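206 is the number of the first residue of the sequence shown in my numbering; add one for each residue after it. Input: a single structure, listed below in structure tokens.
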Amino acid sequence: MHSASCDGVSGGVARYEDAVRHVVGILGRNISCDYDSTEKRGSEFIARGLVSMLKVRRAREHMDAIDGLIDAAQTFYEDARRDENGRSRSWEHCYRVFRDARTDPSPDCDYLSLHLAFYLASWGMYRGSSFLLQKDYKVLVPVVEEVLKPNYDCLFGIACVRLREPEVQARLANVYDHIAKYFHPIRDEVAGREVTTPVSPVLITKILMGTLGCVPAYDRFFQVGVATYKVTTREYSPESVLKLVDFYEEHNDRLEEARRGMRVGDLIYPQMKLLDMGFWQIGFEKDAGSTK
Numbered sequence: 206m207h208s209a210s211c212d213g214v215s216g217g218v219a220r221y222e223d224a225v226r227h228v229v230g231i232l233g234r235n236i237s238c239d240y241d242s243t244e245k246r247g248s249e250f251i252a253r254g255l256v257s258m259l260k261v262r263r264a265r266e267h268m269d270a271i272d273g274l275i276d277a278a279q280t281f282y283e284d285a286r287r288d289e290n291g292r293s294r295s296w297e298h299c300y301r302v303f304r305d306a307r308t309d310p311s312p313d314c315d316y317l318s319l320h321l322a323f324y325l326a327s328w329g330m331y332r333g334s335s336f337l338l339q340k341d342y343k344v345l346v347p348v349v350e351e352v353l354k355p356n357y358d359c360l361f362g363i364a365c366v367r368l369r370e371p372e373v374q375a376r377l378a379n380v381y382d383h384i385a386k387y388f389h390p391i392r393d394e395v396a397g398r399e400v401t402t403p404v405s406p407v408l409i410t411k412i413l414m415g416t417l418g419c420v421p422a423y424d425r426f427f428q429v430g431v432a433t434y435k436v437t438t439r440e441y442s443p444e445s446v447l448k449l450v451d452f453y454e455e456h457n458d459r460l461e462e463a464r465r466g467m468r469v470g471d472l473i474y475p476q477m478k479l480l481d482m483g484f485w486q487i488g489f490e491k492d493a494g495s496t497k
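See below:
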């Protein structure tokens, strides 16, 4: 007969998951069903209790995450307000001109490419190791022409909940893949060889954030931020974005209350920008703290 011991939780909350795994391993995965065997009832009772405790723990972790995210996003936003020429304003300038261009029958793609290039430079995409550093801003014109296509209107400033729609997901995947395929031969040319690794998701997601505001930029600090609260994966993927959607929807009321105060004139920060700057700020502060 199997018996469940309280020793598995004597070490505190940190050991609940191990205890649950142990008991679930005895009972099978579906611990929510009723068992006829008297040998399993005691273990089932403990497993149910442990699962309840685990849910409470996760709820507390989510509350910590939402509090930390809102505070960090507010810090980022207020820092941008204090410096009228700060680099954080580059996103606002870029996003605004792309917003206006979507309703312009003859958008100036040269002008838009300049804005996109400066925004990317402000956020590290023209460092010495970047292939873009070897090109002028006009290399971005085909990217601009692509993201301005009406097919992607649904992505501009999108509400998180709409990213669950299969058609929207398909269009996001299409624009991401198009940018990656466009940059691939350019990167090979600059390197003087065929580069087998994918085009940087950091670059592509920064472009998508600056032009469409539809996904966060998955750079180093954002990755540290989401890992801190275990909200989603560090690497960009459709699944990672959907986990962010789940997080936003779970805390929609509080996040929307915070987001309503984040606007510049007629420019309202999209939902994904709130996640982008909040988790970036968390990662930035954590990195700064670790280097002191």
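C-beta atoms are modelled at their ideal positions from N, C-alpha and C, and glycine is treated no differently. Since this is a predicted model, take the numbers as computed values, not measurements.
For D341, no alpha helix (DSSP H) encloses it, and the DSSP letter there is neither H nor E. Rounded to the nearest whole angstrom, the C-alpha separation of L353 and R439 is 28 Å. In this structure, the straight-line span from the alpha carbon of Y357 to that of V380 is close to 8 Å.
From the listed residues Y434, D276, I412, the smallest Cα separation to E350 is found for I412. About 6 Å separates the beta carbon of Y453 from that of L460, a gap short enough to meet the 8 Å contact definition. When the Cα atoms are used, D481 and G397 turn out to be separated by approximately 34 Å. Annotated as distal: G494 and G418, with beta-carbon spacing of 7 Å or more. A check of alpha carbon separations from T401 across F388, I409, T410 identifies F388 as the nearest. Of the residues assessed, A322 falls on the buried side of the cut-off, its CB having 16 or more other CB atoms within 10 angstroms.
Residue range 293-306 is occupied by the alpha helix (DSSP H) that includes R304.
Taking the Cα of D393 as reference, the smallest distance to any Cα among G415, K340, F427, R369 is reached at K340. Counting every other CB atom within 10 Å of its CB across the protein chains shown gives G470 a total below 16, marking it as exposed. If you ignore the 5 residues before and after Q486, its C-beta comes within less than 6 Å of the C-beta of A277, T280, F281, all in its own chain and listed in chain order. Nearest C-alpha to V436 among I473, G483, R369: G483. With respect to the 7 Å criterion, C365 and Q476 are classified as neighbours on the basis of their beta carbons. When DSSP states are grouped into helix, strand and coil, V420 belongs to the coil group.
The bridge partners DSSP lists for V469 are L472. Annotation: the continuous alpha helix (DSSP H) that includes E455 extends over 443-455.
It is roughly 34 Å from the alpha-carbon of Y342 to the alpha-carbon of L274.
In this structure, the straight-line span from the alpha carbon of S295 to that of D269 is close to 30 Å. The C-beta distance from V429 to G488 rounds to 3 Å, short enough to fall under 8 Å. The three-state secondary structure of P310, taken from DSSP, is coil.
Counting along the chain, no alpha helix (DSSP H) covers F361, and no H or E run does either. Straight-line spacing of the CA atoms in T410 and A385 works out to 10 Å. At a Cβ-Cβ threshold of 7 Å, Y324 and G415 count as neighbours. The three-state reading of DSSP puts R332 in coil, since its state is none of H, G, I, E or B. Residue environment for S311: exposed (fewer than 16 other C-beta atoms within 10 angstroms of its C-beta).
L317 is positioned such that its CB atom lies closer than 7 Å to that of A306. Straight-line measurement puts the Cα of L472 at about 16 Å from the Cα of E289. Within the same chain, Cβ atoms closer than 7 Å to the Cβ of L345 are found at S318, L321, A322, the five residues on either side in sequence being excluded.
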